[in-house]
Amino acid sequence: AAAEKGGYDYFMLKEIAEQPKAVADTLLGRIDAGGSLTLDEVRISASELREMDKVVIVACGTAFHAGLIAKYAIEHWTRIPCEVELASEFRYRDPILDAQTLVIAISQSGETMDTLMALRHAREQGSKVLAICNTNGSTIPRESDAVLYTHAGPEVAVASTKAFLTQLVACYLVALYLGQVRGTKWGDEIQDVIRDLSQIAGSVERVLETMEPVRELARSLADKNTVLFLGRHVGYPVALEGALKLKELAYMHAEGFAAGELKHGPIALIDEDLPVVVVVPSPRGRSILHDKIVSNIQEIRARGARTIVIAEEGDEAVVPYADHLIRIPATPTLLQPLVATVPLQVFACELATARGNEVDQPRNLAKSVTVE
Ligand code: G6P
Numbered sequence: 244a245a246a247e248k249g250g251y252d253y254f255m256l257k258e259i260a261e262q263p264k265a266v267a268d269t270l271l272g273r274i275d276a277g278g279s280l281t282l283d284e285v286r287i288s289a290s291e292l293r294e295m296d297k298v299v300i301v302a303c304g305t306a307f308h309a310g311l312i313a314k315y316a317i318e319h320w321t322r323i324p325c326e327v328e329l330a331s332e333f334r335y336r337d338p339i340l341d342a343q344t345l346v347i348a349i350s351q352s353g354e355t356m357d358t359l360m361a362l363r364h365a366r367e368q369g370s371k372v373l374a375i376c377n378t379n380g381s382t383i384p385r386e387s388d389a390v391l392y393t394h395a396g397p398e399v400a401v402a403s404t405k406a407f408l409t410q411l412v413a414c415y416l417v418a419l420y421l422g423q424v425r426g427t428k429w430g431d432e433i434q435d436v437i438r439d440l441s442q443i444a445g446s447v448e449r450v451l452e453t454m455e456p457v458r459e460l461a462r463s464l465a466d467k468n469t470v471l472f473l474g475r476h477v478g479y480p481v482a483l484e485g486a487l488k489l490k491e492l493a494y495m496h497a498e499g500f501a502a503g504e505l506k507h508g509p510i511a512l513i514d515e516d517l518p519v520v521v522v523v524p525s526p527r528g529r530s531i532l533h534d535k536i537v538s539n540i541q542e543i544r545a546r547g548a549r550t551i552v553i554a555e556e557g558d559e560a561v562v563p564y565a566d567h568l569i570r571i572p573a574t575p576t577l578l579q580p581l582v583a584t585v586p587l588q589v590f591a592c593e594l595a596t597a598r599g600n601e602v603d604q605p606r607n608l609a610k611s612v613t614v615e
């Protein structure tokens with residue numbers, strides 16, 4: 244078993260370390276020499292894709308968080324309205340679906356019953372279903388109209404890490420491909436993003452090289468009861484994922500909030516010494532979001548909380564308000580989750596270890612849930 248773990252104590256650590264390769268493998272062969280996307284696997288014709296007037300994403304758990312991030316990318320690059328829904332809620336509320344709806348089912352295992360039932364319902368309504376899946380020949384891709392496989396390799400640890408990053412890559416590819424096929428006004432931006440995406444594995448690698456202070460921080464928080472996570476824009480689903488990881492692995496109370504919502508309730512939770520992790524958007528690009536989140540960090544800190552700030556290299560505005568600063572490489576705004584999630588995975592894994600929990604097999608959880 245030790246050999247299977249490749250020298251790591253846990254599969255989760257091995258799988259976190261494999262992320263740069265998983266990301267690169269998922270891009271492999273999908274970008275041609277001219278910088279265009281070739282997604283031949285998406286066996287839904289270009290003319291059908293041009294007819295789509297809505298995208299609906301269904302998924303569970305970590306895959307649902309990938310879907311939440313995909314919504315920002317799909318709507319921005321394609322201008323097609325996109326909804327994201329927990330698979331377990333989807334079919335029971337009589338969702339509006341037809342042949343012009345593209346349904347995307349995201350699942351690492353391809354066997355999650357909630358997601359499978361959602362996609363069956365969508366196909367019964369005449370919608371086309373594209374699966375994003377990590378497991379060749381599993382049920383969800385077999386029952387879908389098309390599948391884009393993530394190439395993360397087998398994921399053994401119950402808490403999803405490398406599969407999540409590759410789900411994001413696949414979602415970006417689908418969003419960019421829809422933009423390419425439909426010819427949006429973002430043509431130039433799409434070319435730039437494809438180039439940035441092809442270099443992103445190196446950025447993930449750089450994050451992994453600087454994780455020792457994050458582990459140290461995690462160990463110092465092992466006796467806390469609650470950790471809050473805040474983010475905005477695509478940083479919001481990253482915050483949700485950070486909180487989910489902590490629940491799954493450390494069995495700690497953790498919640499993710501949209502930073503702008505803080506003042507509408509959650510700020511009442513802030514007190515002395517409460518650890519609050521804040522995912523800061525790039526000061527470049529949509530800098531208004533950056534400025535707003537910096538004032539959120541100030542507000543939290545003024546109430547005595549302990550701020551753990553994840554911010555881009557060179558972002559000096561956060562420095563005065565960060566009790567702990569975790570640096571990530573500069574990336575285009577929409578791609579930031581690929582680098583910002585990694586420290587949160589390491590954080591949760593180390594906290595679980597420090598609390599004596601079983602990292603690869605958390606209590607009460609299963610890798611794939613095949614009951615509704
Ligand atoms: C289970 C796992 C989660 C996972 C979810 C969806 O609940 O414990 O880690 O995110 O299922 O799994 P899937 O295989 O559909 O991505």
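In terms of UniProt numbering, the sequence shown opens at residue 244 and continues consecutively. From the three backbone atoms N, C-alpha and C, an ideal C-beta is built for every residue, glycine too.
One question on the structure: do residue i and residue j come within less than 9 Å of each other, judged by their Cβ atoms?
i: A583; j: R462; result: no
i: I300; j: E328; result: yes
i: V401; j: E593; result: no
i: Q410; j: T305; result: yes
i: P524; j: Q434; result: no
i: L408; j: L440; result: no
i: I551; j: V585; result: no
i: Y392; j: E459; result: no
i: T576; j: V477; result: yes
i: R546; j: I569; result: no
i: L473; j: I536; result: yes
i: R376; j: I317; result: For the record, residue 376 in the displayed sequence is Cys; it is not Arg. Contact flag unset, no.
i: V346; j: S381; result: no
i: K610; j: V390; result: no
So, with DSSP's three-state summary, where would you put residue i?
i: Y253; result: coil
i: C303; result: coil
i: S538; result: helix
i: I323; result: coil
i: T584; result: helix
i: H476; result: coil
i: S370; result: coil
i: E328; result: strand
i: E559; result: coil
i: V399; result: coil
i: S352; result: coil
i: V346; result: strand
i: V450; result: helix
i: I339; result: coil
i: V612; result: coil
i: R425; result: helix
i: L464; result: coil
What residues match up with residue i in a beta bridge as DSSP calls it?
i: Y315; result: Bridge partners of Y315: none, in fact.
i: residue 220; result: Any answer about residue 220 is impossible in this case: the structure gives the chain only from 244 up to 615.
i: P518; result: R549
i: V470; result: A497
i: H567; result: I551
i: V298; result: C325, L345
i: I274; result: L280
How many angstroms separate the CA atom of residue i from the CA atom of residue j?
i: L282; j: I323; result: 19 Å
i: A493; j: T613; result: 24 Å
i: L505; j: P480; result: 15 Å
i: V589; j: E294; result: 42 Å
i: E559; j: I383; result: 45 Å
i: E498; j: P518; result: 11 Å
i: A554; j: F307; result: 24 Å
i: L608; j: M255; result: 15 Å
i: H496; j: L512; result: 12 Å
i: E491; j: G277; result: 42 Å
i: P526; j: V417; result: 27 Å
i: H394; j: Q351; result: 10 Å
i: K257; j: A302; result: 25 Å
i: S331; j: R425; result: 31 Å
i: G503; j: N539; result: 8 Å
i: L471; j: T427; result: 38 Å
i: R606; j: G422; result: 42 Å
i: D275; j: V298; result: 26 Å
i: Y335; j: D357; result: 11 Å
i: E432; j: G396; result: 30 Å
i: V266; j: I349; result: 16 Å
i: residue 630; j: S387; result: Shown here, the chain extends from 244 to 615; a query on residue 630 therefore has no answer.
i: L487; j: L587; result: 10 Å
i: A313; j: A342; result: 21 Å
i: W320; j: D534; result: 24 Å
i: R273; j: Y251; result: 31 Å
i: E354; j: M360; result: 10 Å
i: T378; j: R286; result: 18 Å
i: residue 630; j: T269; result: Because residue 630 is not part of the residues shown, which for the chain are 244 to 615, the question remains open.
Within 9 Å (strictly less), CB to CB, does residue i reach chain C?
i: L451; result: No chain C is present in this structure, which holds just one protein chain.
> What residues sit near the ligand G6P, counting only those whose C-beta is closer than 7 Å to one of its heavy atoms, in chain order?
Replying inline: A302, C303, G304, T305, A306, I349, S350, Q351, S352, G353, E354, T355, T358, V401, A402, S403, A406, E491, L608, A609, K610, S611, V612
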